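A.B. asks: One structure follows; several queries about it will come next.
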Amino acid sequence: MEPTSTSIDTPSGSKLPSLASVRIDAAEGQFGQSFWFFNFFLTPGHDKPAKKMREYPENDGNIVIVHPNAPNVDANILPMHLRLAIIFSNRLANLVRFSYLAQEQDVPGDVVDASIWALSLFIQIFEECPESVLRVQNHVLPDQDYQESRYVMLLNARQKMAWRLLYAGRAQEAIPYAKAMVDEELTQGGQIWLHHPMPFMIYGETLVLSRADDEEAAKTLRRALLGIESVNYPRHVNGISHLIRTRVFLSRALRNIGLDEEAIAHEIWLATWFRKNPRLMPENEMKYLLLPAGPILDVLGGEKWLETRKQTTKAEERIVKACRTCGARDPLATLSRCNNCKYTYYCSRACQKANWSHHKVECRERAETRKKIELRSLTDPEGARRAADWTSYCNSNHYQVEYLPTATSLKHKFRVVACGVFRIKDVLPDLEAIMGLDLGEGQEYVESGTNTAALREIPYNPDWRKGFNVGAPPKPMVLPSGAKDVEHVF
């Protein structure tokens, strides 16, 4: 069976509302005396922040909903709970929009509770309101297919609601949303989990954490695992994270129903993966999966392993080991090095062919460098070693470094002096000068080496500079072009 679409285009120029406006909606702000949202008018006189709306919803029951551009659509005949959901979702539009669009790691702790409430409004509206109301409220745009839009937006909202509740320690409350996702998928017939395993993964996780139904959890997570390990699933960092999560909670479910032998096989596999990749997964997610301590962490050495685990040179090499074209990673994909340069990885001949126009110059230069080092080693072993160290280190994303030849570990032989975060278009002249590229080649080079889909799944780490050096972190980088660091410019 062919998978259905799981995404729809957002309007051009669409972006997240500012966090300040979201916080105003969530708790602190007051609203003006008249309210215009999209195509929608509310009578004035109700100036309450979200907390007050939640505590005293009946106070808003006398607001009249008017659609000036669609007078035939009367939302006032809807049941009171739906009218209130529409009123609140429009008056708190920034909170609702942020709650629907933001990824879990981007939702601040002080906004989580309000975002869960806002998502509940959004889901209620999509589950119960007729198409005419969804369209006049601009939840479904004129050029969008209604059934597809409703399916995709409900899937996204339920998924984020379930994640948010799980991370808030409210697994029992997450069950209805996760189950609704699975029930919706099963209506498509066939082995739909081979195409859409995520709903099954989330539902199984809620069942394990709530201990609501261990047998159903094991069944559901087995299905999710089959889907994640199939060729249909993304194989980049996000896919690997889902693979690990599914195996972790499947092993717990199997333990809970007495299938210890099957559980042990997953636990050993997971312990091996965590040892090889101690820093690939964000620390908060790793602790969420491994704590409180259980069989997997016991194999690793207990909670002390979480605090003392080290990023070895081999582990760092695994972080960058991914298909240059699609971002696929081991163990969901089998990777092979380019035969010529012995550096760039691909998961298939198709990906290698697709990337060749971008890779061919780099491939030739790397191959030539490797041959020069091999020849130099015959007459100048020490010089060849320094050149090899430098070539290995240049796989990172910075260039202001200093050499420390006495260091025993490769990652410590070069100390990062300065680094920064810049908009690509601001630094293309610097990039082309540093790399010896022709004018205009910088953009092509960046695009060829960047997997945007995988990049979006990498969570932001505000302490990323601390991981470069032993001792003091790098200083801010100053570029010849004068480009400004934009890490904190949103």
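According to full-length UniProt numbering, the sequence shown is numbered sequentially starting from 1.
Backbone N, C-alpha and C define an ideal beta-carbon position, used for all residues, glycine too.
None of these values were measured; they are calculated from a predicted model.
Kindly list the residues whose CB is nearer than 6 Å to the CB of residue 206, restricted to its own chain and excluding five residues on each side of it in sequence; keep chain order.
C.D. replies: By one-based count along the sequence shown, residue 206 stands at place 206. The answer, listed in chain order, is 171, 174, 175 and 178.
A.B. asks: Span of the alpha helix (DSSP H) holding residue 98?
C.D. replies: On the sequence shown, position 98 is the one that residue 98 refers to. Counting along the chain, the alpha helix (DSSP H) containing residue 98 begins and ends at 93-101.
A.B. asks: Alpha carbon to alpha carbon, how far is residue 491 from residue 193?
C.D. replies: Because the chain in this structure spans residues 1 to 490, residue 491 falls outside the shown range and cannot be described.
A.B. asks: With a threshold of 8 Å, are at least 3 pairs of Cβ atoms found where one atom belongs to the segment 359-377 and the other to the segment 254-267?
C.D. replies: no
A.B. asks: Are three or more beta carbon pairs between the segment 116-127 and the segment 86-93 nearer than 8 Å?
C.D. replies: Contact between the segment 116-127 and the segment 86-93 is present: 3 or more CB-CB pairs across the two stretches fall below 8 Å.
A.B. asks: Whole angstroms are fine: how far does the CA of residue 297 sit from the CA of residue 427?
C.D. replies: By one-based count along the sequence shown, residue 427 stands at place 427. By one-based count along the sequence shown, residue 297 stands at place 297. About 44 Å.
A.B. asks: Would you kindly check if the distance between the Cβ of residue 21 and the Cβ of residue 94 is under 7 Å?
C.D. replies: Taking the sequence shown and counting its residues from 1, the one referred to as residue 94 is at position 94. Taking the sequence shown and counting its residues from 1, the one referred to as residue 21 is at position 21. Contact: yes.
A.B. asks: Using only alpha-carbon positions, find the residue among 231, 169, 209 and 156 that is nearest to residue 199.
C.D. replies: What you label residue 199 is simply residue 199 of the sequence shown in a count that begins at 1. Residue 199 has its Cα closest to that of 156, out of 231, 169, 209 and 156.
A.B. asks: On the CB-based measure, 16 or more other CB atoms within 10 Å of its CB, does residue 26 come out buried or exposed?
C.D. replies: Residue mapping note: residue 26 aligns to position 26 of the sequence shown, counting from 1. With at least 16 other beta carbons inside 10 angstroms of its own, residue 26 counts as buried.
A.B. asks: Rounding to the nearest angstrom, what Cα-Cα distance links residue 470 and residue 229 in this structure?
C.D. replies: Against the sequence shown, residue 470 aligns to sequence position 470. Against the sequence shown, residue 229 aligns to sequence position 229. Each residue's Cα considered, the two are about 38 Å apart.
A.B. asks: Express the C-alpha separation of residue 118 and residue 17 in angstroms, rounding to a whole number.
C.D. replies: Locating residue 17 in the sequence shown gives position 17, counting from the first residue. Locating residue 118 in the sequence shown gives position 118, counting from the first residue. Between residue 17 and residue 118, the alpha-carbon positions lie close to 14 Å from each other.
A.B. asks: In chain order, what are the residue ranges of uninterrupted alpha helix (DSSP H) at least 4 long that sit wholly in the segment 279-362?
C.D. replies: 283-290, 295-300, 303-308 and 313-319
A.B. asks: Out of curiosity, what's the CA-to-CA distance linking residue 329 and residue 443?
C.D. replies: For this step, residue 329 is matched to residue 329 along the sequence shown. For this step, residue 443 is matched to residue 443 along the sequence shown. Distance between the alpha carbons of residue 329 and residue 443 is about 25 Å.
A.B. asks: Which whole-angstrom value is the C-beta distance of residue 418 and residue 381, which I expect to be below 8 Å?
C.D. replies: What you label residue 418 is simply residue 418 of the sequence shown in a count that begins at 1. What you label residue 381 is simply residue 381 of the sequence shown in a count that begins at 1. Contact flag wrong, Cβ pair sits at about 31 Å.
A.B. asks: Under 7 Å between the Cβ atoms of residue 293 and residue 303?
C.D. replies: As a first step, residue 293 must be located in the sequence shown, where it is residue number 293. As a first step, residue 303 must be located in the sequence shown, where it is residue number 303. Contact: yes.
A.B. asks: Are at least three pairs of beta-carbons, each pair with one atom in the segment 250-257 and one in the segment 207-222, less than 8 Å apart?
C.D. replies: Touching, yes.
A.B. asks: For residue 419, write down the residues that DSSP places opposite it in a beta bridge.
C.D. replies: Here the question's residue 419 lines up with position 419 in the sequence shown. Beta-bridge pairing links residue 419 to 476.
A.B. asks: In whole angstroms, what is the alpha-carbon distance linking residue 79 and residue 327?
C.D. replies: As a position in the sequence shown, residue 79 is number 79, starting the count at 1. As a position in the sequence shown, residue 327 is number 327, starting the count at 1. Using only the alpha carbons, I get a separation of about 48 Å.
A.B. asks: Report yes if the CB atom of residue 266 is closer than 7 Å to the CB atom of residue 250, and no otherwise.
C.D. replies: Counted from its first residue, the sequence shown places residue 266 at position 266. Counted from its first residue, the sequence shown places residue 250 at position 250. Cβ atoms of residue 266 and residue 250: closer than 7 Å.
A.B. asks: How far does the alpha helix (DSSP H) with residue 149 in it reach, from first residue to last?
C.D. replies: Indexing the sequence shown from 1 puts residue 149 at position 149. Where residue 149 is concerned, the enclosing alpha helix (DSSP H) stretches over 146-167.
A.B. asks: Restricting to Cα atoms, I'd like to know which of 489, 213 and 359 is closest to residue 445.
C.D. replies: For the purposes of this step, residue 445 is taken as the residue at position 445 of the sequence shown. Looking at the Cα atoms, 359 is the closest of the given residues.
A.B. asks: Between which two residues does the alpha helix (DSSP H) holding residue 428 run?
C.D. replies: Sequence index remark: in the sequence shown, residue 428 carries index 428 (1-based). Run containing residue 428: 424-435, per the alpha helix (DSSP H) assignment.
A.B. asks: Taking residue 203 as part of the alpha helix (DSSP H), name the residues at either end of that continuous run.
C.D. replies: The residue labelled residue 203 in the question sits at position 203 within the sequence shown. Residues 198-210.
A.B. asks: Thinking just about the alpha-carbon of each residue, which of 141, 352, 274 and 377 is nearest to the one in residue 312?
C.D. replies: Against the sequence shown, residue 312 aligns to sequence position 312. Of the listed residues, the one whose Cα sits closest to residue 312 is 274.
A.B. asks: Between residue 473 and the rest of its own chain, which residues show a CB-CB distance below 7 Å, the 5 nearest in sequence each way excluded?
C.D. replies: Locating residue 473 in the sequence shown gives position 473, where the first residue counts as 1. 465 and 466.
A.B. asks: Helix, strand or coil for residue 187, going by three-state DSSP, please let me know.
C.D. replies: Counting from 1 along the sequence shown, the entry for residue 187 is found at position 187. In this structure, residue 187 counts as coil in the three-state DSSP scheme.
A.B. asks: Report the three-state DSSP secondary structure of residue 176 (helix, strand or coil).
C.D. replies: Mapped onto the sequence shown, residue 176 falls at position 176. Residue 176: helix per DSSP, three-state reduction.
A.B. asks: Rounded to the nearest angstrom, what separates residue 483 and residue 434 at their Cα positions?
C.D. replies: For the purposes of this step, residue 483 is identified with residue 483 of the sequence shown, where counting begins at 1. For the purposes of this step, residue 434 is identified with residue 434 of the sequence shown, where counting begins at 1. Between the alpha carbons of residue 483 and residue 434 lies a gap of roughly 15 Å.
A.B. asks: Cutting at 8 Å between CB atoms, please list the residues of its own chain near residue 438, excluding the five before and the five after it.
C.D. replies: Here residue 438 corresponds to residue number 438 of the sequence shown, with the count starting at 1. These residues qualify, in order along the chain: 432.
A.B. asks: Terminal residues of the continuous alpha helix (DSSP H) containing residue 227?
C.D. replies: As a working mapping, residue 227 is identified with position 227 in the sequence shown. Per DSSP, residue 227 belongs to the alpha helix (DSSP H) from 214-228.
A.B. asks: Going by Cα to Cα distance, which pick from 440, 461 and 441 is closest to residue 421?
C.D. replies: On the sequence shown, position 421 is the one that residue 421 refers to. With distances taken between CA atoms, residue 421 lies nearest to 461 out of 440, 461 and 441.
A.B. asks: For the candidate residues 385, 222, 320 and 295, whose alpha-carbon lies nearest to that of residue 197?
C.D. replies: For the purposes of this step, residue 197 is taken as residue 197 along the sequence shown, with counting starting at 1. Taking only the C-alpha atoms, the option nearest residue 197 is 222.
A.B. asks: If I measure Cβ to Cβ from residue 101 and keep anything under 6 Å in the same chain, skipping five residues before and after, which residues do I get?
C.D. replies: On the sequence shown, position 101 is the one that residue 101 refers to. If we look at residue 101 and ignore the five residues flanking it on each side, its Cβ neighbours are 16.
A.B. asks: Figure out for me which residue from 189, 188, 187 and 233 has the closest Cα to the Cα of residue 201.
C.D. replies: The count along the sequence shown starts at 1 and reaches residue 201 at position 201. Nearest of 189, 188, 187 and 233 to residue 201, Cα basis: 233.
A.B. asks: Residue 248 lies in the alpha helix (DSSP H); which residues open and close that run?
C.D. replies: Reading the sequence shown from its first residue, position 248 is the one you call residue 248. First-last of the alpha helix (DSSP H) with residue 248: 237-256.
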